[in-house]
Amino acid sequence: MHLISVTTWRMNDYRGKRIIVTGGLGFIGSNLAIRLVEAGASVTIIDSRVPGCGANLFNIAPIVPGIDLIESCIGDVERFASALKEADAIFNLAGEISHSRSMDDPERDLYLNTVTQLRFLLACRANCPGARILYASTRQIYGKPVYLPVDEQHPVQPIDFNGVHKCAATQYHLLLARRGDLDCRVLRLSNVYGPRMALHLPQQGFLGVYVARALNGEPIVVYGDGEQLRDPVHVDDVVEVFLRAGLAPDLKSRVFNVGGPQPVTLNEIAAAAARQSGRSPIHHLPFPEHLIRMDIGSYFSDLTRTQRELGWVPSIEFEAGLKGTLAYYREHRDRYFGFTKQPELPTAARLEYPAVTQ
Numbered sequence: 026m027h028l029i030s031v032t033t034w035r036m037n038d039y040r041g042k043r044i045i046v047t048g049g050l051g052f053i054g055s056n057l058a059i060r061l062v063e064a065g066a067s068v069t070i071i072d073s074r075v076p077g078c079g080a081n082l083f084n085i086a087p088i089v090p091g092i093d094l095i096e097s098c099i100g101d102v103e104r105f106a107s108a109l110k111e112a113d114a115i116f117n118l119a120g121e122i123s124h125s126r127s128m129d130d131p132e133r134d135l136y137l138n139t140v141t142q143l144r145f146l147l148a149c150r151a152n153c154p155g156a157r158i159l160y161a162s163t164r165q166i167y168g169k170p171v172y173l174p175v176d177e178q179h180p181v182q183p184i185d186f187n188g189v190h191k192c193a194a195t196q197y198h199l200l201l202a203r204r205g206d207l208d209c210r211v212l213r214l215s216n217v218y219g220p221r222m223a224l225h226l227p228q229q230g231f232l233g234v235y236v237a238r239a240l241n242g243e244p245i246v247v248y249g250d251g252e253q254l255r256d257p258v259h260v261d262d263v264v265e266v267f268l269r270a271g272l273a274p275d276l277k278s279r280v281f282n283v284g285g286p287q288p289v290t291l292n293e294i295a296a297a298a299a300r301q302s303g304r305s306p307i308h309h310l311p312f313p314e315h316l317i318r319m320d321i322g323s324y325f326s327d328l329t330r331t332q333r334e335l336g337w338v339p340s341i342e343f344e345a346g347l348k349g350t351l352a353y354y355r356e357h358r359d360r361y362f363g364f365t366k367q368p369e370l371p372t373a374a375r376l377e378y379p380a381v382t383q
C-alpha cells in the first residue's frame, strides 16, 4: 500500500500507454513500474541485474505477470530495439549510484552510467524519437553547495566519479533534447528512501544503512557531529513527480530538483530511526578518510521550479515515511536480508561493450 495515492489529475493519460522502465528491478524503478501498471499502462522493464546495483525480482512481485521483463544492459540495444519502437514514454533509472564504489572502480562506473546511457539514447533517437524520456539524475552532481537551498542554476562541481559520470549522462539527454532529436526531461534526486531499497548494499547510501540497523537493533553510526542537513524524500513522492513530469507538455531539456518536505540533520534522521527501532543506540564516530573526502556538508533542495512547472510538492513527512518503510521490511524481511555474500562485482575489464545498433 502506498503512503500517497496516485495523482488522479491526468493519470488516465497513462492508460494503454506503452512504457519502458530501465532499472525497473531496482528501488525507484520498481516502485514506479508498480504505479504505472496500476494506472493501466503496458510496462516493459529493462534491467541487467548487474550485481551490486540493487535489482531484486521480489520488488515487482505485485505486478507479475502483468509486465514484460527484458534482462539486458541498456547498452545492448539490439536486444530490445523492437520494444523501443513501440514506446510512448521511457523512465530511465538504470545505472550505478554508489559514490564510494565509483572511486574504487571508476571505469566500471563510467561504463554503467555513461557509455551505456549514450548507446541507449542513440538507440532511442533511431527507434522512438517521439517518446518522452525521464532521466533520474542526482543532487550529487552539485557537489559541496555554494549556497542553500540549492536550485537548478547552482554550479555543477561533483566530488566523485559517480557525480562526473551522472553529469555527463545528464548532458547527453539535454544535448539531444536541445537539438530536437529527443524529448528528455531530467530529475535530480536528493536522498530517496522507502520500500524496496537494497538494504544489503551499504554502498547505496546512508538511509538504507540506518534502516537496516534499526531493523536489526544494531547501533546507528553517525559520522562527524551529525549536524549536516539533508532533505530525504520518500519514494512515493518521487514516483509522483516522475509521473507528473511524464505527462507535462513542452518540457524538453528541462531539469528539476526533487527533494523532501524540509531539511533535517543526520542526528534527527538517526534519532527517528532509533525511535522506530526501539533498541538501536546511536554512536558518533569520526569520518573515515575515504568518506570525508566525499562529504558535501549540508544540502537541501530549492523546489521552486518543480512546484511551479509540475505542480508537485513532497507530501510525506520523514518520520511517517520512515515508519511505513520499516513496516514494509518487517513484513518482507527475508526478501531483503537473505543475502550473506554478494557475488563478485564486475570490473570494467570484464564488462562487454556491445556495439550500438541504430
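Counting along the sequence shown from 1, when you hit position 202 you're at 227 in the working numbering, and nothing is skipped either side.
Even glycine gets a Cβ: it sits at the ideal position worked out from N, Cα and C.
Presumed contact (8 angstroms Cβ cut-off) between residue i and residue j, rounded CB distance
i    : j    : result
F281 : T329 : Not confirmed; about 10 angstroms, so no contact.
V46  : I88  : That belief does not hold up - the Cβ atoms of V46 and I88 are roughly 11 angstroms apart, past 8 angstroms.
S162 : R210 : That belief does not hold up - the Cβ atoms of S162 and R210 are roughly 10 angstroms apart, past 8 angstroms.
T139 : A193 : 5 angstroms
C98  : T141 : 6 angstroms
K42  : S67  : 7 angstroms
G284 : V258 : 5 angstroms
S278 : R203 : 5 angstroms
S302 : G242 : 6 angstroms
Beta-carbon proximity list for residue i, same chain, < 6 angstroms, skipping 5 on both sides
i    : result
M36  : A64
V246 : H308 and L310
E377 : Any reading at E377 must be qualified, since the residue scores a pLDDT of 37, below 50, and its modelled position is unreliable; the value itself is stated next. Hits under 6 angstroms: none found.
F52  : G79, R221 and M222
L276 : R210
I95  : I71 and F105
R360 : F83
L135 : H190
Neighbourhood of residue i by C-beta, 8 angstroms cutoff - its chain only, sequence neighbours within 5 removed
i    : result
S233 : In the sequence as presented, Ser is not what sits at residue 233; that position holds Gly. So the qualifying residues of the chain are Y218, M222, A223, L224, L226 and P227.
D38  : L272
Y389 : Not covered by the structure: residue 389. The range shown for the chain is 26 to 383.
P244 : R238, S305, P306, I307 and H308
L199 : C209, V211, S278 and V280
Beta-carbon spacing of residue i, residue j below 8 angstroms
i    : j    : result
G100 : G48  : no
F267 : L109 : no
F116 : I184 : no
P180 : G322 : no
A114 : A156 : yes
Q182 : H124 : no
P154 : D206 : yes
L316 : Y248 : yes
A297 : F343 : yes
S107 : N187 : no
V260 : N56  : yes
V264 : R60  : yes
R82  : L118 : First, the residue type needs correcting, since residue 82 is Leu and not Arg in the sequence shown. No, the pair does not count as a contact, with Cβ atoms beyond the cut-off.
Close beta carbons around residue i, own chain, < 7 angstroms, minus the five adjacent residues each side
i    : result
L201 : L146, R150, L207 and C209
Contact test: residue i Cβ vs the ligand PLP heavy atom, cutoff 7 angstroms
i    : result
H315 : As far as ligands go, the structure on display features none, and thus does not contain the ligand PLP.
Quiz item: Between the region 123–132 and the region 234–242, do at least 3 Cβ pairs fall closer than 8 angstroms?
Solution: no
Self-check item: Segment contact flag, the region 165–176 with the region 336–345, C-beta cutoff 8 angstroms, min 3 pairs
Solution: no
Quiz item: Given 8 angstroms as the limit, is there contact between the region 285–303 and the region 249–256, that is, 3 or more CB pairs closer than that?
Solution: yes
Quiz item: What are the complete beta strand (DSSP E) segments, minimum 3 residues, inside the region 252–282?
Solution: none
Quiz item: Mind pulling the alpha helix (DSSP H) runs of 4 or more residues that sit fully within the region 120–156?
Solution: 124–129, 131–135 and 141–152
Quiz item: Unbroken beta strand (DSSP E) runs of length 3 or more, entirely within the region 283–361: which are they?
Solution: 307–310
Quiz item: For the region 31–66, which segments carrying the alpha helix (DSSP H) assignment without a break, of at least 4 residues, lie completely within its bounds, in sequence order?
Solution: 52–63
Quiz item: For the region 204–250, which segments carrying the alpha helix (DSSP H) assignment without a break, of at least 4 residues, lie completely within its bounds, in sequence order?
Solution: 231–241
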